[in-house]
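Enquirer:
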Amino acid sequence: MIEEIEQLKREKNAVILAHNYQRGEVQDIAEFVGDSLELARKAMETNAEIVVFCGVDFMAETAAILNPDKKVLIPDTGAICPMAQQLRVEDLKAMKRKYPDAEVVLYVNTLAESKALADCICTSANAREVVNAMSSSIVIFGPDRNLAYYAQKATDKTVIPVPQHGLCPSHHQIVLSDVQKAKEAHPDAKVIVHPECIPEVQDIADYIASTSGMVRICKEHEPGTEFLIGTEIGLLYRLKKEAPDKKFYPISDTAVCPQMKMHTLANIARALEREEPVVRVPPEIATKARRAIERMLTI
Ligand code: 13P
Ligand code: SF4
């Protein structure tokens, strides 16, 4: 199957972009593995005619918005991020009416129709910089309230979360007692977590970073360093592969994003062969959403 995928990629001038949470075998056949920000950039840079996007819906939509001339395929259309569904367009419009002078920063984990209403998009890698780069003193921020907490700590602006209870189920289930237990078992380990984790977990961590930020930080440490990793467990595959001289332990081994695991070698081969399912964003929504994504890339 790997040979078949490699041959189809050559024949069709296709590349595979994979998020850091993908299954190991999917990471291994990808041209590039990264976080949301890196994947958006890579999708813009590639000369390939077809991009097979192994990530969740909002990431593939972002790639399609930035590449109207390329065919973006998502091997399994069931790869839908539950957090991106939590922000209702009506709630966002109501917030905009309530705070007419505020600017809207939306996490990239949103649907294209929400992005079309944003002033700027952010990812976990740049949320603090983006919020601080806004000209208004009030920033409406959604949908992840944990990322809103992380951004609020680094700014004098008022960050107003919308909705009140936006969260990632896979990260939200990592609780303080998981960190404490992991620290008891590995007292010398550094704690490194994703900003989608709850505030109590963020506050106890040595580092908070995006998925690729976590990889960079771990690689910079001395050989033999131990790390407790607070994110979706797919990242451990990449960490162990790229930093074999360090030791990695998940803070919670049930932190799994089932939607991220839907892409397999079988459905990737099928997508390449049939050139579908194609990710489509209506042009009027794509044009508005692109403006907010490009503002982020400029910042
Ligand atoms: P990163 O941009 O840090 O890879 O995060 C994406 C995501 O969905 C985390 O749950
Ligand atoms: Fe969405 Fe959470 Fe999965 Fe990331 S880990 S794609 S935020 S559900």
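Here the sequence shown stands for residues 118 to 416, where the numbers follow the working numbering. Just so you know, even glycine gets a beta-carbon here, dropped at the ideal spot from N, CA and C. Since we're looking at a predicted model, the values are computed, not measured.
#1: Can you confirm whether the region 221-235 touches the region 168-175 when touching is taken to mean that 3 or more C-beta pairs between the two stretches lie within less than 8 Å?
#2: Does the beta carbon of Q376 fall short of 7 Å from some heavy atom of ligand 2?
#3: Rounded to whole angstroms, what is the Cα-Cα separation between D256 and K358?
#4: So, is the C-beta of S231 closer than 8 Å to a C-beta in chain C?
#5: With a cut-off of 8 Å on the beta carbons, I'd call D305 and E343 a contact; round off their distance for me.
#6: Would you say C285 touches ligand 2, meaning its beta carbon is less than 7 Å from a heavy atom?
#7: Whole angstroms is fine: what's the gap from D362's alpha carbon to A326's?
#8: Going by alpha carbons, who is nearest to K336 out of D261, A360, K126, I315?
#9: Starting from the N-terminal side, write out each stretch of the beta strand (DSSP E) that is 3 residues or longer and does not extend beyond the region 223-257.
#10: Rounded to a whole number of angstroms, what is the C-alpha to C-alpha distance between I368 and L345?
#11: Inspect the beta-carbon positions of Y354 and A299 and report whether they are closer than 8 Å.
#12: Note down the Cα distance separating G195 from R408, rounded to an integer number of angstroms.
#13: Strictly closer than 5 Å from CB to any heavy atom of ligand 1: give me those residues in the order they appear in the chain.
#14: L356 to N243, Cα distance in whole Å?
#15: Distance check for V150 and L183, CA to CA, integer angstroms please.
#16: Between the C-alpha atoms of P340 and M331, what's the straight-line distance to the nearest angstrom?
#17: By a C-beta neighbour count over all protein chains shown, 10 Å radius and 16 as the cutoff for buried, is H282 buried or exposed?
Expert: Put simply:
#1: yes
#2: Mapped onto the sequence shown, residue 376 falls at position 259. Q376 Cβ: within cutoff of ligand 2.
#3: Here residue 256 is taken as the residue at index 139 of the sequence shown, counted from 1. Here residue 358 is taken as the residue at index 241 of the sequence shown, counted from 1. It should be pointed out that residue 256 corresponds to Val in this sequence rather than to Asp. The straight-line gap from Cα to Cα measures roughly 39 Å.
#4: Given the protein chain composition of this structure (a single chain), no chain C is represented.
#5: On the sequence shown, position 188 is the one that residue 305 refers to. On the sequence shown, position 226 is the one that residue 343 refers to. Contact holds; Cβ gap of about 6 Å.
#6: Indexing the sequence shown from 1 puts residue 285 at position 168. With a cut-off of 7 Å, the C-beta of C285 is classified as near ligand 2, since at least one heavy atom of the ligand falls inside that distance.
#7: Position 245 of the sequence shown holds residue 362. Position 209 of the sequence shown holds residue 326. Their Cα atoms are separated by approximately 21 Å.
#8: Locating residue 336 in the sequence shown gives position 219, where the first residue counts as 1. Distance from the Cα of K336 is smallest, within the candidate group D261, A360, K126, I315, for A360.
#9: 237-239
#10: The residue you call residue 368 lines up with position 251 of the sequence shown. The residue you call residue 345 lines up with position 228 of the sequence shown. Approximately 6 Å between the Cα atoms of the pair.
#11: For the purposes of this step, residue 354 is taken as residue 237 along the sequence shown, with counting starting at 1. For the purposes of this step, residue 299 is taken as residue 182 along the sequence shown, with counting starting at 1. Going by C-beta atoms, Y354 is not nearer than 8 Å to A299.
#12: Within the sequence shown, the letter at position 78 stands for residue 195. Within the sequence shown, the letter at position 291 stands for residue 408. If I take the Cα positions, the gap works out to 27 Å.
#13: D152, S153, T240, S241, S327, T328
#14: By one-based count along the sequence shown, residue 356 stands at place 239. By one-based count along the sequence shown, residue 243 stands at place 126. Whole-angstrom Cα-Cα distance: 21 Å.
#15: As a first step, residue 183 must be located in the sequence shown, where it is residue number 66. As a first step, residue 150 must be located in the sequence shown, where it is residue number 33. The straight-line gap from Cα to Cα measures roughly 18 Å.
#16: Along the sequence shown, one-based indexing puts residue 340 at 223. Along the sequence shown, one-based indexing puts residue 331 at 214. Answer to the nearest angstrom: the Cα atoms are 16 Å apart.
#17: The sequence position of residue 282 within the sequence shown is 165, counting from 1. The residue in question, H282, is exposed, as its Cβ has fewer than 16 Cβ neighbours within 10 Å.
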